[in-house]
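Numbering (the numbering used here), first residue to last: 527 to 831. For every residue, glycine included, the Cβ atom is placed at its ideal position computed from N, Cα and C. Predicted, not measured: the structure shown is a model, and the values here were computed from it. Below is one structure, written out as structure tokens, with a few remarks after it.
Below is the structure:
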């Protein structure tokens, strides 16, 4: 196959938002860098038996034969291995799975999951996402708060979180702040914050946000404050290129997530609320993170014709 001829990529998905986001980020970068004919396949609609593999039965008669197969999530692992042996396609797995990594042609896994050192494994800083970095042209008169909620890693405290938000807004009255919560946020949180009547803060419930709202905020806002329990959101903020700070939360235990957030702070990817003068805008870090792009380039180099 020539480089001008599109590679056929089957993306096998369990449709879980976190897994889908990783796949979308990688696929978008692959398509930006090379010709691909992409087909998304839901595992609920794609049943492949061992007999199908052994008897060389047609699995998806309406789709072109795959060159690459991409999976994310435990439910996709055995399926993409069956498809690998049925079609002889290159298989790519995102995150660690129950099967040995040697069975897959490529694996892209976050460092915090302790992937083995193998030629077919690319360790990433956090999980990949579809966010496009933007380092110039941000609206410095705006800022955004992204709030998580009840979780297994940090103690949620309405009062402490609200006090920090108040301090940032009052410390920078010239900035128009927007805040949105999440499905994990307690129902009482937004009403309690609204009662503070902070003049330069707009509150938007996650129930009222339109598709693409977070993406737009990440793309344009001058600075971001995020709760450290929102791991995927933290990495999306870093990837966006927006100056980002972590609101303070008390850890429940020294979990993988807590250690990961502490590592990001120590390495200078983020600012810590407890160490920052909130009357000053968050600074632009010189560090750059775009793991979806790095993963796409690694795959194209590894599987180059």
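- Return the bridge partner residues of residue 637 from the DSSP annotation. Within the chain shown, residue 637 is the residue found at index 111, counting from 1. Paired residues: none, contrary to the question.
- Separation of residue 658 from residue 721, as counted between CA atoms: The sequence position of residue 721 within the chain shown is 195, counting from 1. The sequence position of residue 658 within the chain shown is 132, counting from 1. Each residue's Cα considered, the two are about 35 Å apart.
- Query: Since residue 533 contacts residue 631 with CB under 8 Å, what's their CB separation in whole angstroms?
  - Reply: Reading the chain shown from its first residue, position 7 is the one you call residue 533. Reading the chain shown from its first residue, position 105 is the one you call residue 631. Going by Cβ atoms, the distance from residue 533 to residue 631 rounds to 13 Å, so no, they are not a contact pair.
- Give me whichever residues DSSP pairs with residue 595 in a beta bridge. Residue numbering aside, residue 595 sits at position 69 when the chain shown is read from its first letter. DSSP output for residue 595 lists 536, 617 as bridge partner(s).
- Alpha carbon to alpha carbon, what distance is there between residue 590 and residue 668? Within the chain shown, residue 668 is the residue found at index 142, counting from 1. Within the chain shown, residue 590 is the residue found at index 64, counting from 1. Approximately 47 Å between the Cα atoms of the pair.
- Message: Can you look up residue 691 in the DSSP assignment and give me helix, strand or coil?
- Response: Start at 1 with the first residue of the chain shown, and residue 691 comes out as number 165. If DSSP states are grouped into helix, strand and coil, residue 691 belongs with the helices.
- Given that a residue counts as buried once 16 or more other Cβ atoms are within 10 Å of its Cβ, and exposed if not, what is residue 698? Along the chain shown, read from residue 1 onward, the residue named residue 698 stands at position 172. Per the 10 Å Cβ criterion, buried.
- Query: With 16 as the cutoff for other CB atoms within 10 Å, does residue 761 come out buried or exposed?
  - Reply: Along the chain shown, read from residue 1 onward, the residue named residue 761 stands at position 235. So residue 761 counts as buried.
- Item | Close Cβ partners of residue 621 (< 6 Å) along its chain, the five nearest in sequence each way excluded | Position 95 of the chain shown, counted from the first residue, corresponds to residue 621. So the list reads 635, once near-sequence residues are dropped.
- Going by the beta-carbon positions, is the gap between residue 771 and residue 799 smaller than 8 Å? Within the chain shown, residue 771 is the residue found at index 245, counting from 1. Within the chain shown, residue 799 is the residue found at index 273, counting from 1. Cβ distance < 8 Å, so residue 771 and residue 799 count as in contact.
- If you run the structure through DSSP and keep just helix, strand and coil, what is residue 677? The sequence position of residue 677 within the chain shown is 151, counting from 1. Residue state, collapsed to three classes: coil.
- Query: Applying the criterion that 16 or more other CB atoms from any shown protein chain within 10 Å of the CB defines a buried residue, is residue 743 buried or exposed?
  - Reply: Here residue 743 refers to the residue found at position 217 when the chain shown is read from its first residue. Buried.
- Task: Identify the continuous alpha helix (DSSP H) that holds residue 819 and give its terminal residues.
- Result: As a first step, residue 819 must be located in the chain shown, where it is residue number 293. Counting along the chain, the alpha helix (DSSP H) containing residue 819 begins and ends at 817-828.
- Closer than 6 Å by C-beta to residue 545: which residues in its own chain qualify, once you throw out the five before and the five after it? Chain order, please. Along the chain shown, one-based indexing puts residue 545 at 19. Once the five neighbours on either side are set aside, the close Cβ partners of residue 545 are 598, 599.
- Query: Under 7 Å from any heavy atom of the ligand GTP, does the C-beta of residue 540 make it?
  - Reply: The ligand GTP is not part of the structure shown, which contains no ligands of any sort.
- Query: If you follow the alpha helix (DSSP H) that residue 743 is part of, which residue opens it and which one closes it?
  - Reply: Position 217 of the chain shown, counted from the first residue, corresponds to residue 743. Residues 739-746.
- Message: For residue 850 and residue 752, I'd like the C-alpha separation in whole angstroms.
- Response: No statement about residue 850 is possible, as the shown extent of the chain runs from 527 to 831 and does not include it.
- Return the chain-ordered list of same chain residues with a C-beta closer than 6 Å to the C-beta of residue 581, the five sequence neighbours on each side being excluded. Sequence index remark: in the chain shown, residue 581 carries index 55 (1-based). Reliability of the predicted coordinates at residue 581 is poor, the pLDDT of 42 falling under 50, and no value is obtained from them.
- Of the residues 714, 680, 700, which one's Cα is nearest the Cα of residue 780? In the chain shown, counting from the first residue as 1, residue 780 sits at position 254. Minimum Cα distance to residue 780 is reached at 680.
- Label residue 615 either buried or exposed according to how many other C-beta atoms from any shown protein chain fall within 10 Å of its C-beta, with 16 as the threshold for buried. Taking the first residue of the chain shown as 1, we reach residue 615 at position 89. Result: buried.
- Inter-stretch contact at 8 Å, needing at least 3 Cβ pairs: the segment 726-746 / the segment 635-653: no
- Message: Less than 7 Å between C-beta atoms, sequence neighbours within five positions excluded: which residues of the same chain meet that for residue 768?
- Response: Along the chain shown, one-based indexing puts residue 768 at 242. If we look at residue 768 and ignore the five residues flanking it on each side, its Cβ neighbours are 664, 744, 747, 749, 750.
- Can the beta-carbon of residue 536 be found closer than 8 Å to that of residue 556? Numbered from 1 along the chain shown, position 10 holds the residue referred to as residue 536. Numbered from 1 along the chain shown, position 30 holds the residue referred to as residue 556. Taking 8 Å as the Cβ cut-off, residue 536 and residue 556 do not qualify as a contacting pair.
- Measure the alpha-carbon distance for residue 714 versus residue 543 and round it to whole angstroms. Residue 714 sits at position 188 when you count from the first residue of the chain shown. Residue 543 sits at position 17 when you count from the first residue of the chain shown. Their backbone Cα atoms lie some 25 Å apart in a straight line.
- Task: Would you list the residues sitting across from residue 777 in a DSSP beta bridge?
- Result: Residue 777 sits at position 251 when you count from the first residue of the chain shown. Note: residue 777 sits in a beta bridge opposite 680.
- Starting from residue 753 and walking both ways along the beta strand (DSSP E), at which residues does that stretch end? The sequence position of residue 753 within the chain shown is 227, counting from 1. Residue 753 -> beta strand (DSSP E) spans 750-753.
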